[in-house]
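Asker: One structure, pasted below without further comment.
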Amino acid sequence: MHVAPMGIASFEQIPLKRNVLEHEKATAHRLLKANFELVAKSLKLSDVLGIEVNIFSDHRAEFLMAETAISIFLKCPIDLNNKIFNCTSELIASQFMDEYAKNTADDYSSMVEKLSSKILKLLIALEVRVSSPWELGGKEEFFVVVNEFFPDGGCDYFRKSYASYFASPLATRF
Numbered sequence: 095m096h097v098a099p100m101g102i103a104s105f106e107q108i109p110l111k112r113n114v115l116e117h118e119k120a121t122a123h124r125l126l127k128a129n130f131e132l133v134a135k136s137l138k139l140s141d142v143l144g145i146e147v148n149i150f151s152d153h154r155a156e157f158l159m160a161e162t163a164i165s166i167f168l169k170c171p172i173d174l175n176n177k178i179f180n181c182t183s184e185l186i187a188s189q190f191m192d193e194y195a196k197n198t199a200d201d202y203s204s205m206v207e208k209l210s211s212k213i214l215k216l217l218i219a220l221e222v223r224v225s226s227p228w229e230l231g232g233k234e235e236f237f238v239v240v241n242e243f244f245p246d247g248g249c250d251y252f253r254k255s256y257a258s259y260f261a262s263p264l265a266t267r268f
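Residue numbering for the sequence shown follows the numbering used here, starting at 95 and increasing by one per position.
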């Protein structure tokens, strides 16, 4: 990277920043797709066998790759005390399960592709538009963005379903 004299950035830095963002997007998209494909296959196996098959070590691990994608865009580590992180994680899991239940096809690849693309766009929008801490307006910013991506009432369902969850102490959530 070349820096011009007197601290003025050269034009060579601009493509680098764009390439980093494109790399982050591509990585997050791959993580989301892989996570959704893995969970869909696990659920399909459970459906076929008629018993619960859990290929994950625990229920938190089921959407760990999606949580990694969230941490890329929210610029934070996977943090159970970060309410925006938690809400986003729960929203992704809820939306996946809703889409899985609606899908009647044996091949879930189309659903996985559409949902991972939509969630990626949601993560990008959250990164850009949610700038306040949860208690200082971040909650409202979060739900404005979510309502734009899921205007079909899913957001209201999500908000009502998890209202007490996010008000409770961390130790009582699991």
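No residue lacks a Cβ here, since even glycine has one placed at the ideal position from N, Cα and C.
Every value quoted in this text rests on a predicted model; they were computed, and no experiment measured them.
For C181, name the three-state secondary structure that DSSP assigns.
Answerer: Three-state DSSP puts C181 in a helix.
Asker: Can you look up K254 in the DSSP assignment and give me helix, strand or coil?
Answerer: K254 falls in the helix class under three-state DSSP.
Asker: Reducing DSSP to helix, strand and coil, say where R272 ends up.
Answerer: In the structure as shown, the chain begins at 95 and stops at 268. Residue 272 is therefore absent and cannot be evaluated.
Asker: Between L216 and the rest of its own chain, which residues show a CB-CB distance below 6 Å, the 5 nearest in sequence each way excluded?
Answerer: Cβ neighbours of L216 beyond the five flanking positions: F243.
Asker: Kindly confirm or deny that the segment 142 to 158 and the segment 209 to 227 touch, where touching means at least three C-beta pairs closer than 8 Å.
Answerer: Segments in contact, no.
Asker: Helix, strand or coil: which one does DSSP assign to E207?
Answerer: Correct three-state label for E207: helix.
Asker: Can you have a look at E234 and say buried or exposed, based on whether 16 or more other CB atoms are within 10 angstroms of its CB?
Answerer: Counting Cβ neighbours within 10 Å, E234 comes out exposed, since fewer than 16 surround it.
Asker: Are the beta-carbon atoms belonging to Q189 and L209 less than 8 Å from one another?
Answerer: In contact: Q189 and L209 (Cβ atoms closer than 8 Å).
Asker: Taking the straight line between their C-alpha atoms, what separation do you get for S167 and V222?
Answerer: One point to set straight first is that residue 167 is Phe, not Ser, in the sequence displayed. Roughly 9 Å separates the two Cα atoms.
Asker: Could you tell me how far apart the beta carbons of C181 and F130 are, in whole angstroms, since I believe they sit closer than 8 Å?
Answerer: Actually they are not in contact, since the Cβ atoms of C181 and F130 sit about 19 Å apart, beyond 8 Å.
Asker: Have a look at L185 and V142 and give me their C-alpha separation to the nearest angstrom.
Answerer: C-alpha separation (whole angstroms): 26 Å.
Asker: Determine whether the beta carbon atoms of K127 and E207 lie at a separation below 8 Å.
Answerer: A contact, by the Cβ cut-off of 8 Å.
Asker: Look up F130 in the DSSP assignment and say whether it is helix, strand or coil.
Answerer: It is helical.
Asker: Spatial neighbours of S226 within its chain, please: C-beta separation below 8 Å, excluding the five flanking residues on both sides.
Answerer: Same-chain partners within the cutoff: G232 and E235.
Asker: Please name the residue in A134, V224 and L158 whose C-alpha comes closest to that of E193.
Answerer: Comparing Cα-Cα distances from E193 to each of A134, V224 and L158, the minimum goes to A134.
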